[in-house]
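Encoded as structure tokens, the structure appears first; notes follow it.
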Amino acid sequence: MSLKLTPLNFKEHYEVIGNGIVRLKGFRIGIEHIVRSYHEGYSPEQITQEFPGVSLETVYATLTYYLHNKKEVDDYMNQLTSWTEQQMEKDDEKEPLPVVRRLRRLKEKNA
């Protein structure tokens with residue numbers, strides 16, 4: 026009797042987009058969303074309910090990867106949070122769109 030063990034195929038569950046961001050393949054959901062839900066106490070089954078279309082297999086694969094590489098994933102999530110905050114600050118510094126300026130003027134006028 027034997028069991029053929031095959032390693033997790035990264036490309037089967039994930040894709041890497043610009044800036045090294047890892048998302049679930051076919052979704053705009055990052056692995057950080059799955060890990061955060063896990064930290065909030067959600068079970069894998071509940072996580073699939075929170076993210077319709079994501080398979081239970083992918084959730085388990087993500088959590089297994091996280092539990093085996095906790096420090097690396099935590100570091101990745103911290104870097105991602107910092108990068109996101111920087112991007113938001115850059116967006117705040119940009120000149121608002123004309124429609125936003127008009128809405129702000131209307132709001133001030135009616136205040």
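Residue 78 in the numbering used here sits at position 53 of the sequence shown, and the numbers go up by one each step. Virtual Cβ for every residue (Gly too), placed ideally from N, Cα, C. Since the structure is predicted, the reported quantities are computational estimates derived from the model, not experimental observations.
| Asked | Found |
| --- | --- |
| I'd like to confirm the pairing. Which residues does DSSP put opposite residue 49 in its beta bridges? | 39 |
| With distances taken from CA atoms, which of 64, 103, 107 is nearest residue 87? | 64 |
| Looking at the secondary structure, which residues open and close the alpha helix (DSSP H) in which residue 124 lies? | 123 to 135 |
| Please go through the same chain and pick out, in chain order, the residues whose beta-carbon is closer than 8 Å to the beta-carbon of residue 111, but skip the five residues on each side of it. | none |
| What do you get for residue 80, buried or exposed, if any count of 16 or more other CB atoms within 10 angstroms of its CB means buried? | exposed |
| Could you pull out every residue in the same chain whose Cβ sits closer than 6 Å to the Cβ of residue 85, ignoring the five residues on either side in sequence? | 69 |
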